[in-house]
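Contents: one structure, followed by commentary.
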Amino acid sequence: MPTTHTALTVPEVMAALRLSRFKVYDLIRSGELPSFRIGRARRIPADAVHAFMQHQIEEAA
Numbered sequence: 018m019p020t021t022h023t024a025l026t027v028p029e030v031m032a033a034l035r036l037s038r039f040k041v042y043d044l045i046r047s048g049e050l051p052s053f054r055i056g057r058a059r060r061i062p063a064d065a066v067h068a069f070m071q072h073q074i075e076e077a078a
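Be aware that the sequence shown starts at 18, since it is given in my numbering, and climbs by one per residue.
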């Protein structure tokens, strides 16, 4: 995952988490992965992706 970007595109999140487009949008719809829109462009804060991963690790433990 690029560390220089503070906001990621859906395809970047898909690649970082190795998930399908449907699953990423499902996480966004459920509120598990916060996002925002600028016009028609959806962006996910990189910090939100890191927090999501940390939460998943903690739940698995």
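The C-beta atom is built at its ideal place from N, Cα and C for all residues, glycine as well.
- Partner residues in the beta bridge of F53, as assigned by DSSP, are R60.
- Taking C-beta atoms under 8 Å as the contact rule, A33 and P51 fail to qualify, at a distance of about 15 Å.
- R60 is a Cβ neighbour of T26, given a cutoff of 8 Å.
- Shortest Cα-Cα distance from A24 to any of P62, L44, H67, D43 involves P62.
- Within the DSSP bridge table, the entry for L25 names I61 as partners.
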